[in-house]
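Shown next, in structure tokens, is the structure this report addresses.
Protein chains: 2
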Amino acid sequence: MGIRNLALCLIQIPTGGKIPQISSWNRITVSSKPECPGTESFEPIEYAEKAYTLMKSSLEKYNPDTILIERQRYRSAGGSAIQEWTVRVNMLESMFHAVLHTLAMERGYKVDVHSVSPRKVARLWLANVQEKLTARETKVAKIAVADRILNGQTVKVDIVDQAKDIADSFQNGNSSLKKFDDLADSLLQGLGWWKWHITRSIMMEEILGWEEVTTPEKRTKIIKEGVAKKQSRRLKKTKDLVIA
Amino acid sequence: MGIRNLALCLIQIPTGGKIPQISSWNRITVSSKPECPGTESFEPIEYAEKAYTLMKSSLEKYNPDTILIERQRYRSAGGSAIQEWTVRVNMLESMFHAVLHTLAMERGYKVDVHSVSPRKVARLWLANVQEKLTARETKVAKIAVADRILNGQTVKVDIVDQAKDIADSFQNGNSSLKKFDDLADSLLQGLGWWKWHITRSIMMEEILGWEEVTTPEKRTKIIKEGVAKKQSRRLKKTKDLVIA
Chain A
110 MGIRNLALCL IQIPTGGKIP QISSWNRITV SSKPECPGTE SFEPIEYAEK AYTLMKSSLE
170 KYNPDTILIE RQRYRSAGGS AIQEWTVRVN MLESMFHAVL HTLAMERGYK VDVHSVSPRK
230 VARLWLANVQ EKLTARETKV AKIAVADRIL NGQTVKVDIV DQAKDIADSF QNGNSSLKKF
290 DDLADSLLQG LGWWKWHITR SIMMEEILGW EEVTTPEKRT KIIKEGVAKK QSRRLKKTKD
350 LVIA
Chain B
110 MGIRNLALCL IQIPTGGKIP QISSWNRITV SSKPECPGTE SFEPIEYAEK AYTLMKSSLE
170 KYNPDTILIE RQRYRSAGGS AIQEWTVRVN MLESMFHAVL HTLAMERGYK VDVHSVSPRK
230 VARLWLANVQ EKLTARETKV AKIAVADRIL NGQTVKVDIV DQAKDIADSF QNGNSSLKKF
290 DDLADSLLQG LGWWKWHITR SIMMEEILGW EEVTTPEKRT KIIKEGVAKK QSRRLKKTKD
350 LVIA
């Protein structure tokens, strides 16, 4: 996610252990670079409008159950120019959260919003990389992981509808670092989230299943009901929108 | 304005050249320091809730025509700890703008939101100070200006209702730097805004009045109507809420 562009990825988590389906996957413009340098305004009033329009249209277009927003870093190594861009992208992230919460309160939308740490997601997908990577190397490595997913390795996903265009560009070797960085992030964050939830559900079942053995009959019944409820919740088909 | 506290000042600009009236003036808690250090969360999801509650209740309580929000700096000298707080207070500022814009769009509120540069406001009120002040000296100097205003010097204001409590604390010498810094800022930003608008209106009249002499009869009429319209707009009583 940046102040100029961000990626949106819509992941449908089907019921009954089927594979996730990516139906929409886009890189969209937040704010174009102006023709005359130095004429651009980064005033919060203008960005509030952009954030509102983007969140409102995303809710209306995708109607997601969950929205994952990439957590921005708040420390920047480097000079004051880098610091400025860090503050600006933090502004946009903050505004997305504020607009979504306000829309949820005002319109009664039932949407779960979460912040996703890109660092944790990178650790998940690049767990087998031993050496310390530079920022650029990490981007290249993440694009390679996304590419492997699209080729049916790593995890299986179903790419349908509009998302096919982006998947084709990835696989045709058109995956320039600049354009595909955010796209890869949105895919890996959404699928990372899904993997964590599967792992958590399995662990929950194991923990509760283990307790069943050691508890009296009545408690066992309650726990069994708890597991059943959690399973039915997990088995509900959901739509997750990732903003990265 | 900070992540812990901020000041709200409600200024009523009456019609017909009367003096501004301060009817509400408060320092409010955004987020208390937790008892156990290190347990605090600065996640955007939690701050989105705080920003929404604060803006919604301020709109409902004060019903302002204009809201002035103190513009936060985005460069921080100093170490990474200072940088973190700068990013956090920027987050809050961004969220206020985003919530207000969303509420305006969703509910049809007619409220003008502006960013006010604290640096320009300081230049206005401390124009006679020749030497370069440190951050701490600037705070002390601004509190002294607020104190002079409350004593009827500099500009005349009418302090009524709840705002009297704060004015009394200022004048009783209880104006500790920590507590009265934001309060002084909110007063000076609101009155600075009012002074700029008076100056602009006078200049507009002078410029348009000058054109009247040099233009043919028909254009004179249009300009006269323009002046009348501007005057009537300026003469409308308004309520300005300052967040600093």
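Same order as they appear, the protein sequences are chains A and B. When you read off a place in the first sequence, starting at 1, and then add 109, the result is the number in the numbering used here. When you read off a place in the second sequence, starting at 1, and then add 109, the result is the number in the numbering used here. Cβ coordinates follow ideal geometry from the N, Cα and C atoms, glycine included.
Problem - Secondary structure of ASN260 of chain B, DSSP reduced to three states - result: Of the three classes helix, strand and coil, the one that applies to ASN260 of chain B here is coil, per DSSP.
Exercise for the section: Flag ASN199 of chain A as yes if its beta-carbon sits less than 8 Å from any beta-carbon of chain B, otherwise no. Expected result: So, interface residue.
Problem - CB contact check: ILE215 of chain A to chain B, cutoff 8 Å - result: In the sequence as displayed, the identity of residue 215 of chain A is Glu instead of Ile. Yes, its Cβ sits closer than 8 Å to a Cβ of chain B.
Problem - Candidates A:ILE352, A:ILE307, A:ARG197 and A:LYS248: closest to LYS287 of chain A by CA position - result: Minimum Cα distance to LYS287 of chain A is reached at A:LYS248.
Problem - chain B residues whose Cβ lies nearer than 8 Å to that of MET204 of chain A - result: Here the neighbours are SER203, MET204, HIS206 and ALA207.
Problem - Neighbour flag for HIS210 of chain B against chain A, beta carbons, 8 Å - result: Chain A, which has a Cβ nearer than 8 Å to the Cβ of HIS210 of chain B, makes this yes.
Practice task
Look at LEU119 of chain B and SER132 of chain B and say whether their C-beta atoms are less than 8 Å apart.
Solution key: It is a contact, given that the beta carbons lie within the stated cut-off.
Exercise for the section: Using a Cβ cut-off of 8 Å (strictly closer), state whether TYR161 of chain A contacts chain B. Expected result: So, interface residue.
Handout entry: Other residues of its chain near LEU297 of chain A: CB distance less than 7 Å, five sequence neighbours each side excluded
Key = Cβ within range, chain order: VAL230, TRP234, LYS251, VAL254 and ALA255.
Handout entry: Proximal chain A residues relative to SER224 of chain B, where beta-carbon distance stays under 9 Å
Key = GLU152, PRO153 and ILE154, listed in chain order.
Practice task
Can you grab the Cα-Cα spacing for the pair GLU202 of chain B / TRP134 of chain B, in whole Å?
Solution key: Linking GLU202 of chain B to TRP134 of chain B through their CA atoms gives a straight-line distance of about 19 Å.
Handout entry: Rounded straight-line distance, which links the Cα of PHE279 of chain A to that of ILE352 of chain A
Key = Going by the C-alpha atoms only, they are around 19 Å apart.
Exercise for the section: Quick one: residues in its chain with C-beta nearer than 6 Å to the C-beta of SER295 of chain A, no 5 flanking neighbours on either side, listed in chain order? Expected result: Taking C-beta separations shorter than 6 Å and ignoring five residues to either side along the sequence, the partners of SER295 of chain A in its chain run ALA116, CYS118, VAL351 and ALA353, following chain order.
Handout entry: Nearest neighbour of ARG182 of chain B, chosen from B:ASP291, B:SER226 and B:LEU242 [CA to CA]
Key = Comparing Cα positions, the closest option is B:SER226.
Practice task
Thinking VAL139 of chain A and ARG113 of chain A are a contact (beta carbons under 8 Å), I'd like their distance in whole angstroms, please.
Solution key: Rounded, the Cβ-Cβ distance is 6 Å, consistent with contact.
Practice task
Just tell me which of A:PHE289, A:VAL222 and A:GLY261 has its CA closest to the CA of LEU168 of chain A.
Solution key: Measuring from the Cα of LEU168 of chain A, the nearest candidate turns out to be A:VAL222.
Problem - Where GLU85 of chain B falls: helix, strand or coil (DSSP) - result: Outside the shown range of chain B (110 to 353) lies residue 85 of chain B, about which nothing can therefore be said.
Practice task
Using a cut-off of 7 Å between C-beta atoms, extract the partners of ALA157 of chain A located in chain B.
Solution key: HIS206, ALA207 and HIS210, listed in chain order.
Handout entry: Cutoff 8 Å: VAL266 of chain B Cβ touching any chain A Cβ
Key = No, no contact with chain A.
Practice task
Could you check which residue in B:LYS345, B:PHE289 and B:THR308 has the C-alpha nearest to that of ILE423 of chain B?
Solution key: Residue 423 of chain B is absent from the structure shown; chain B starts at 110 and stops at 353.
Handout entry: Helix, strand or coil at ALA353 of chain A according to DSSP, with G and I counted as helix
Key = Coil at ALA353 of chain A, not helix or strand.
Handout entry: Local conformation of ARG113 of chain A per DSSP, three classes
Key = Residue state, collapsed to three classes: coil.
Problem - For SER285 of chain A and ASP291 of chain B, the rounded distance between their alpha carbons - result: So the alpha carbons of these two residues sit roughly 48 Å apart.
Exercise for the section: Would you decide whether ASP267 of chain A is buried or exposed? Buried here means 16 or more other CB atoms lie within 10 Å of its CB. Expected result: Classification for ASP267 of chain A: exposed.
Handout entry: Cα-Cα separation, GLU152 of chain B to ILE178 of chain A
Key = Their backbone Cα atoms lie some 12 Å apart in a straight line.
Handout entry: Opposing strand residues paired with LYS348 of chain A [DSSP bridges]
Key = The partner list for LYS348 of chain A (beta bridge, DSSP) reads A:GLN121.
Exercise for the section: Work out the CA separation of SER310 of chain B and LEU317 of chain B for me, nearest whole Å. Expected result: Straight-line Cα distance between these residues: approximately 11 Å.
Handout entry: Cross-strand partners of HIS210 of chain A (DSSP beta bridge)
Key = Here HIS210 of chain A is not bridged, per DSSP, to any residue.
Exercise for the section: Identify the continuous beta strand (DSSP E) that holds ILE131 of chain B and give its terminal residues. Expected result: Under the DSSP assignment, ILE131 of chain B falls in the beta strand (DSSP E) whose first and last residues are 130-138.
Exercise for the section: Tell me whether GLU179 of chain B sits in a helix, a strand or coil according to DSSP, three-state version. Expected result: Strand, per DSSP.
Exercise for the section: Helix, strand or coil for HIS203 of chain B, going by three-state DSSP, please let me know. Expected result: The residue asked about is misnamed: residue 203 of chain B is Ser in this sequence, not His. Looking at SER203 of chain B - three-state DSSP - the assignment turns out to be helix.
Problem - For VAL198 of chain A, three-class secondary structure by DSSP - result: The three-state reading of DSSP puts VAL198 of chain A in helix, counting H, G and I together.
Exercise for the section: Give me the Cα-Cα distance between ASP274 of chain B and LEU242 of chain B, rounded to the nearest whole angstrom. Expected result: Cα to Cα, the separation comes out at about 30 Å.
Handout entry: Buried versus exposed, by CB contacts within 10 Å (16 or more), ASP277 of chain B
Key = Around the C-beta of ASP277 of chain B, fewer than 16 other C-beta atoms lie within 10 Å, and the residue is accordingly described as exposed.
Exercise for the section: Please report how far the alpha carbon of PRO143 of chain A lies from the alpha carbon of ALA207 of chain A, in whole angstroms. Expected result: Counting only the Cα atoms, ALA207 of chain A lies some 27 Å from PRO143 of chain A.
Exercise for the section: Report the option in B:THR124, B:LEU209, B:GLY126 and B:THR175 whose CA atom is closest to the CA atom of MET164 of chain B. Expected result: When C-alpha distances from MET164 of chain B are compared across B:THR124, B:LEU209, B:GLY126 and B:THR175, the shortest belongs to B:LEU209.
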